[in-house]
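The opening residue of the sequence shown carries number 21 in the working numbering; numbering runs sequentially from there.
Just so you know, even glycine gets a beta-carbon here, dropped at the ideal spot from N, CA and C.
Okay, structure first, notes after.
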Amino acid sequence: MFSEGSVVSIEKFKELSPAQFFARYREVAGFSNPARALYQAVRELVENSLDATETHGILPDIKIAIRQSIDNPRFYTITVEDNGIGIQPQYVPNAFCKVLFSSKYVLRQTRGMYGLGIKAAVLYAQMTAGSYVEVITSPVNSTRIYYFKMKIDLGRNEPLIFERGSWRKSREWHGTIVSLTLEGDWPRAKQKVFEYIKRTAVITPYANIVFVSPDEELVFFKRSVEKLPQPPLEVKPHPCGVDVELLKEILRNSSEPVINVLTKSFQGVGVRAVEEALKIASIEPSKPSLKLTDQEIVKLAAVLKGISIDALIRARESTRAATVIDMLIELEVPATKDALTKLLNDLNIDPLSNPRSLSDEAIEAIYRGIAKLYPKIRPPSPKALSPLGEGIIEAGLKKIFNPEFVKAISRRPRVYQGHSFIVEVAVAYGGGVPSSSEPTLLRYANKIPLLYDEKADVSWKVIERINWEQYNITMPAPLIILTHVCSTKVPFKGVGKESVADVPEVERELSLAIKEALRALRDHLVRRMKEELAKRKALTLAKYVPEVAINLSKIVGGDGVRKLVEDKLVEVIAKKTSIDISYLREVVKRVKIGI
Numbered sequence: 021m022f023s024e025g026s027v028v029s030i031e032k033f034k035e036l037s038p039a040q041f042f043a044r045y046r047e048v049a050g051f052s053n054p055a056r057a058l059y060q061a062v063r064e065l066v067e068n069s070l071d072a073t074e075t076h077g078i079l080p081d082i083k084i085a086i087r088q089s090i091d092n093p094r095f096y097t098i099t100v101e102d103n104g105i106g107i108q109p110q111y112v113p114n115a116f117c118k119v120l121f122s123s124k125y126v127l128r129q130t131r132g133m134y135g136l137g138i139k140a141a142v143l144y145a146q147m148t149a150g151s152y153v154e155v156i157t158s159p160v161n162s163t164r165i166y167y168f169k170m171k172i173d174l175g176r177n178e179p180l181i182f183e184r185g186s187w188r189k190s191r192e193w194h195g196t197i198v199s200l201t202l203e204g205d206w207p208r209a210k211q212k213v214f215e216y217i218k219r220t221a222v223i224t225p226y227a228n229i230v231f232v233s234p235d236e237e238l239v240f241f242k243r244s245v246e247k248l249p250q251p252p253l254e255v256k257p258h259p260c261g262v263d264v265e266l267l268k269e270i271l272r273n274s275s276e277p278v279i280n281v282l283t284k285s286f287q288g289v290g291v292r293a294v295e296e297a298l299k300i301a302s303i304e305p306s307k308p309s310l311k312l313t314d315q316e317i318v319k320l321a322a323v324l325k326g327i328s329i330d331a332l333i334r335a336r337e338s339t340r341a342a343t344v345i346d347m348l349i350e351l352e353v354p355a356t357k358d359a360l361t362k363l364l365n366d367l368n369i370d371p372l373s374n375p376r377s378l379s380d381e382a383i384e385a386i387y388r389g390i391a392k393l394y395p396k397i398r399p400p401s402p403k404a405l406s407p408l409g410e411g412i413i414e415a416g417l418k419k420i421f422n423p424e425f426v427k428a429i430s431r432r433p434r435v436y437q438g439h440s441f442i443v444e445v446a447v448a449y450g451g452g453v454p455s456s457s458e459p460t461l462l463r464y465a466n467k468i469p470l471l472y473d474e475k476a477d478v479s480w481k482v483i484e485r486i487n488w489e490q491y492n493i494t495m496p497a498p499l500i501i502l503t504h505v506c507s508t509k510v511p512f513k514g515v516g517k518e519s520v521a522d523v524p525e526v527e528r529e530l531s532l533a534i535k536e537a538l539r540a541l542r543d544h545l546v547r548r549m550k551e552e553l554a555k556r557k558a559l560t561l562a563k564y565v566p567e568v569a570i571n572l573s574k575i576v577g578g579d580g581v582r583k584l585v586e587d588k589l590v591e592v593i594a595k596k597t598s599i600d601i602s603y604l605r606e607v608v609k610r611v612k613i614g615i
């Protein structure tokens, strides 16, 4: 009961459009301050340009310019031009001025995931500088160039078009030019922007990238290879990555029998696998999919997702169940309690033991036993991925850093939570690589350089556990480690896409790849050490060659003998030490006798 004079407040509710939400909470998308916003806007525009080129088999030519406003020094105009496929004019307004409208919402590896980045930049430009986004585009095979000048209507989340036009092309150009003006802080953003463009050049040696800064500095990264990565293909969802709502959406949109819908809608399953899944879920295959109850869909989703060894490991650490058998029931394993008890007994595992007491070996044994209870489903297709490949990564590192040694590793496709992924790693050492007390970590995800939140990334977690002495590396050292995670769904820690979460499957692949690359570096360092020892030994011996030859010639007689003896001794030293004979001859020539 409220006392006299107390105030009773009534909660007020209102709706925000997606555009209003991201305008209010722009920090979510990385636009937290003028310096970060300038960097983020450049990043969003460049990544859209790269996706518009390489994904469609076009070697990228990217031009980036940042100009400081004459009227207001707090404002900067960013312009990015590409030679991509262009955008059909009917899609331009929504592509740039409607939040959550995008071509990215398919199962295919792309740099963008949320269809948000460019719209967040446009929103920030509107809110800070009151400016428009200007777009010039010409699609491939089009005879015209199209122009748009637009803003976002925040309340309706719709584009506001202030100017539009088109004209006939006078030259063979296709692509897109985007320009917007926003509040920025170039002195504070400068280092990050330059580093972003440099790291983009590392990962895209097949691109020409030109950058003009507000200080009139010109940076040009010239294309060093003509080969593009294999473009990704769109694929269907995989059953192991399905959730209840996605499954409900698929099933409730068709009146066909559920067996037909599942077979057509997912990759990795055939008729037999679907029949097994429906049998386990106690669903009649001929039942119309739209008539499935919520309970049936929940059970079917659990069966299709199956079980993973990492799910069992997580359950061991987090479950409140008192016994192993209760933990498996909690995980909704499709078997009766009696059947699970028999399975555990056959594995010599006490069903009534505490789950936390299970060893990794016991977890693996349980996984192998339980996996047989689920339908046999093929892993997700790697066709949706576009890894760079070892050759492109090594070419990029050589182009930018000119290292003494470089080794790249591309792992086989793996799966986490029903999403295929590939981990790529490279190690560069010596040469033009700067020495540091810690390895320089170049992190990438779907070819995006990640510059912020380095210590929060799974790659850093893996590197921290490495014993460098095991690989003959003493810090400080001129060492670069490059990591690249590509997936249809990279497990980013936030919308800003700056760090990859420590998903066990990804962490394991990174660890294996980094260690493999470091073993190759260790072999190189051992060979180099042996070569240096042999060289020092050869140089020491070579210094005595003239004096030995002179003394032998005096004993035998004749100057001709001296030259013959010198040549023979140099040949023997070269053969024994594997040092270039011409180099040893030069050393012998420089030896001064009697000093």
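- The alpha-carbon separation between Leu417 and Val222 amounts to approximately 6 angstroms.
- Where Val318 is concerned, the enclosing alpha helix (DSSP H) starts and stops at Asp314 to Lys325.
- A distance below 9 angstroms separates the beta carbons of Thr75 and Pro251.
- Bounds of the alpha helix (DSSP H) holding Phe421 are Glu410 to Phe421.
- Taken atom to atom, the span from the alpha-carbon of Thr157 to that of Lys171 is near 17 angstroms.
- In this structure Ile327 touches Ile390 by the C-beta definition: roughly 5 angstroms separates them, less than 8 angstroms.
- Between Pro277 and Pro305, the gap from beta carbon to beta carbon is short of 9 angstroms.
- The Cβ atoms of Tyr152 and Phe182 sit closer than 9 angstroms to each other.
- Under the three-state reduction of DSSP output, Thr597 falls in the helix class.
- One Cα belongs to Lys169, the other to Glu236, and the distance between them is close to 27 angstroms.
- Counting every other CB atom within 10 Å of its CB across the protein chains shown gives Gln146 a total of 16 or more, marking it as buried.
- Annotation for Leu372: Thr343, Val344 and Ile345 place their beta carbon closer than 8 angstroms to its own, counting only its chain and skipping 5 residues before and after.
- Counting the other Cβ atoms within 10 Å of the Cβ of Phe441 gives 16 or more, which makes it buried.
- It is roughly 6 angstroms from the alpha-carbon of Asp600 to the alpha-carbon of Ala594.
- Between Phe116 and Lys83, the C-beta spacing is not below 9 angstroms.
- Only residues of its own chain outside the window of five on either side were considered, and among them Lys427 have a CB closer than 6 angstroms to the CB of Ala540, listed in chain order.
- Under DSSP, Ala497 forms a beta bridge with Ser456.
- Cβ atoms of Ala321 and Asp205 stay farther apart than 8 angstroms, at about 48 angstroms.
- Counting along the chain, Asn114 sits inside the alpha helix (DSSP H) bounded by residues Val112 to Cys117.
- In this structure Ala355 is in contact with Leu393, their Cβ atoms being roughly 5 angstroms apart against a cut-off of 8 angstroms.
- The criterion of a C-beta distance shorter than 9 angstroms is satisfied by Arg219 and Leu471.
- Per DSSP, reduced to three states, the secondary structure at Thr560 is helical.
- Here Ile317 is near Val264, since their CB atoms are less than 9 angstroms apart.
- Per DSSP, reduced to three states, the secondary structure at Gln490 is helical.
- Look at the beta carbons and you see the region 292-307 touching the region 391-410: at least three pairs across the two are nearer than 8 angstroms.
- Counting along the chain, the unbroken alpha helix (DSSP H) around Ser69 starts and ends at Pro54 to Glu74.
- For Arg208, the enclosing alpha helix (DSSP H) has its first and last residue at Trp206 to Ile223.
- For Gln146, the secondary structure class from DSSP, reduced to helix, strand or coil, is helix.
- Our two residues, Lys596 and Ser233, have alpha carbons roughly 56 angstroms apart in a direct line.
- Non-local C-beta neighbours of Gly261 in its own chain, meaning closer than 7 angstroms and more than five positions away in sequence, comprise Gln437, Gly438 and His439, ordered along the chain.
- For Lys284, no beta strand (DSSP E) run applies; the uninterrupted alpha helix (DSSP H) run containing it begins and ends at Val278 to Ser285, by DSSP.
- The three-state reading of DSSP puts Ala335 in helix, counting H, G and I together.
- By the Cβ-count criterion, Ile229 is buried, with 16 or more other Cβ atoms from all chains shown falling within 10 Å of its own Cβ.
- Around the beta carbon of Lys118, a 10 Å sphere encloses 16 or more other beta carbons of the protein chains shown; the residue is thus reported as buried.
- Contact between Asp102 and Ala72 holds: their C-beta atoms lie close to 6 angstroms from each other, under 8 angstroms.
- No Cβ-Cβ contact shorter than 9 angstroms links Ala533 with Ile413.
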